[in-house]
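Colleague: Quick one: the structure is below, questions incoming.
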Amino acid sequence: MIQGSGLSGVCFSRPHTPFRRMVKAKKKTVFRKFKPLSEVEKAMAKAMRNLPHASFAKARIVERGVRDTTRTGYLNAAERADEICKEAGIEEGMRSKEVFTNYLWAKLDTGLARGNSTATYLRSALAFREKTEGRHAWPDDDDVRELVRCYNYAAKLSNGGKAQPMRGALTLDLLKQVMRAAAPNVALALATQYHACLRPHEVLSLTVDCLSADQVRIDSNKKFRRTNAHKVGPVQRKPVSHAAKKILNLAVQRARTAQKAAGDRLFDLSLAQYRKAVAGAIKKSGVAMEGLAFVPHSVRHGRVVDWREANAPSIGLTEEQLALAGMSRGVSIRYGRTNAERMHIANGGEPDDSESSEDELLMSEDEEENEGDA
Numbered sequence: 015m016i017q018g019s020g021l022s023g024v025c026f027s028r029p030h031t032p033f034r035r036m037v038k039a040k041k042k043t044v045f046r047k048f049k050p051l052s053e054v055e056k057a058m059a060k061a062m063r064n065l066p067h068a069s070f071a072k073a074r075i076v077e078r079g080v081r082d083t084t085r086t087g088y089l090n091a092a093e094r095a096d097e098i099c100k101e102a103g104i105e106e107g108m109r110s111k112e113v114f115t116n117y118l119w120a121k122l123d124t125g126l127a128r129g130n131s132t133a134t135y136l137r138s139a140l141a142f143r144e145k146t147e148g149r150h151a152w153p154d155d156d157d158v159r160e161l162v163r164c165y166n167y168a169a170k171l172s173n174g175g176k177a178q179p180m181r182g183a184l185t186l187d188l189l190k191q192v193m194r195a196a197a198p199n200v201a202l203a204l205a206t207q208y209h210a211c212l213r214p215h216e217v218l219s220l221t222v223d224c225l226s227a228d229q230v231r232i233d234s235n236k237k238f239r240r241t242n243a244h245k246v247g248p249v250q251r252k253p254v255s256h257a258a259k260k261i262l263n264l265a266v267q268r269a270r271t272a273q274k275a276a277g278d279r280l281f282d283l284s285l286a287q288y289r290k291a292v293a294g295a296i297k298k299s300g301v302a303m304e305g306l307a308f309v310p311h312s313v314r315h316g317r318v319v320d321w322r323e324a325n326a327p328s329i330g331l332t333e334e335q336l337a338l339a340g341m342s343r344g345v346s347i348r349y350g351r352t353n354a355e356r357m358h359i360a361n362g363g364e365p366d367d368s369e370s371s372e373d374e375l376l377m378s379e380d381e382e383e384n385e386g387d388a
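Add 14 to the 1-based position in the sequence shown for our numbering, that's all there is to it.
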């Protein structure tokens, strides 16, 4: 109460203020001083300044994004398609979706279509050429992809009624004949493929540093079987037998003698080159059986046949051999058919899988097809 102020009865108190949280003051930003550009960085800046256009850079990156053999194959395929178009009176070559469509129809209409991925390869080749030339991108859209899918299916149907030879098995006695007729590097690749029980693309993907104490590393599962060979699949590791390790060591030793580095491939062959070389060696060796086709993948079949024959067919592969082969027991039964059994099936006979268990018979019948390439 304040006396004599005329404000009797009024009580003053400190006004209420809300609680304020203590805020930490921000530190002053300190800008880091960078070192001067190095000579390499200056060279990069100069190269960027001298580029005519970003499209040129994009074309060169695409060009270097594939192997030399893939680049050559793509450009050759595109050039050959141009020649067909020019023969048909289309001077600009195969540069549009309409011309590509007419080409596929003509191939179907003349009976030249096959149930494989040649149209897919040509589509990739044309797209690659357009990008490396810096032109407008080939119309590699959903319509073109759908067109190729329909073409491949139609080609497969058109050849469905034709008898296809069954894939044979290059057992060790037959393989030795082929190896004697093959070039040294191809013979070594065949021996490696047989003893390690590998698919063709697997043996071609082996590198100088692929072998460890009891395993072989396969760097790419898809690199040598796809048309777009720059795509890399997952790394695989498979156990190896004592015999396979000896052959692999020999291949590694020869590669090191040739001054190859750790990441270099043991065999400088594409899948197409390997197929052609093996086909030539098979023809030269005289290995042939009616109704059977011998191809690089026949080496893997032959290894499984030899294993099963050694164990007696009623027993099949042991668990260790299945691990070495990298396949299921159901698939191993089909792989392990002898050439006599294969000829019987090729002539219309029924396969005898009576020794397989009920579980094995339930395995997918498509597994063998998914196992390998020719």
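Every residue, glycine too, gets a C-beta built ideally from N, C-alpha and C.
(1) For the structure I just gave you, are there three or more beta carbon pairs, one from the stretch 303-318 and one from the stretch 224-231, closer than 8 Å?
(2) Count the other CB atoms, across all protein chains shown, that sit within 10 Å of the CB of residue 214; report buried if there are 16 or more and exposed otherwise.
(3) Could you check whether the stretch 156-168 touches the stretch 199-211, counting it as contact only if at least three pairs of C-beta atoms, one from each stretch, sit closer than 8 Å?
(4) Verify whether the separation of the beta carbon atoms of residue 339 and residue 224 is less than 7 Å.
(5) What residue range is occupied by the uninterrupted beta strand (DSSP E) comprising residue 232?
(6) Can you check whether the C-beta of residue 281 is within less than 7 Å of a C-beta belonging to chain D?
(7) Could you tell me which uninterrupted alpha helix (DSSP H) segments, each at least 4 residues in length, are contained entirely in the stretch 92-123, listed from first to last along the chain?
(8) Please report the straight-line C-alpha distance between residue 279 and residue 273, rounded to a whole angstrom.
(9) Residue 355: which of 104, 292, 180 sits nearest, CA to CA?
(10) Of the residues 140, 65, 60, which one's Cα is nearest the Cα of residue 91?
(11) Among 308, 94, 219, 76, which residue has its Cα nearest to the Cα of residue 183?
(12) Quick one: give me the first and last residue of the alpha helix (DSSP H) that residue 207 is part of.
(13) Taking contact to mean at least 3 C-beta pairs separated by less than 8 Å, is the stretch 65-84 in contact with the stretch 111-118?
(14) On the three-state DSSP scale, how would you describe residue 283?
(15) Starting from residue 214 and walking both ways along the alpha helix (DSSP H), at which residues does that stretch end?
(16) According to DSSP, is residue 83 helix, strand or coil?
(17) Can you name, in chain order, every residue of its own chain whose Cβ lies under 7 Å from the Cβ of residue 193, other than the five neighbours on each side?
(18) Can you tell me whether DSSP reads residue 252 as helix, strand or coil?
(19) Based on Cα-Cα distance, which residue from 337, 322, 147, 301 lies nearest to residue 191?
(20) Rank 216, 195, 268 by C-alpha distance to the C-alpha of residue 296 and give the top, closest one.
(21) Please return the same chain residues whose Cβ sits closer than 6 Å to the Cβ of residue 76, not counting the five positions on each side in sequence.
(22) What residues in its chain sit with their C-beta under 6 Å from that of residue 269, if we drop five residues either side in the sequence?
(23) Can you name, in chain order, every residue of its own chain whose Cβ lies under 8 Å from the Cβ of residue 73, other than the five neighbours on each side?
(24) Do residue 284 and residue 83 have their C-beta atoms closer together than 7 Å?
(25) Could you say which of 266, 197, 220, 250 lies nearest to residue 293 if we only look at CA atoms?
Modeller: Taking the coordinates as given:
(1) no
(2) buried
(3) no
(4) no
(5) 229-232
(6) Here chain D cannot be found, since the structure has a single protein chain.
(7) 111-123
(8) 12 Å
(9) Of the listed residues, the one whose Cα sits closest to residue 355 is 180.
(10) 140
(11) 308
(12) Here the alpha helix (DSSP H) through residue 207 covers 198-210.
(13) no
(14) Note: residue 283 maps to coil in three-state DSSP.
(15) 214-218
(16) Of the three classes helix, strand and coil, the one that applies to residue 83 here is helix, per DSSP.
(17) Closer than 7 Å at Cβ, skipping near neighbours: 201, 204, 205.
(18) Residue 252: strand per DSSP, three-state reduction.
(19) 301
(20) 195
(21) 145, 146
(22) Within the same chain, residue 269 has close Cβ partners 222, 280.
(23) 145, 146, 147, 148
(24) yes
(25) Ranking 266, 197, 220, 250 by Cα distance to residue 293 puts 197 first.
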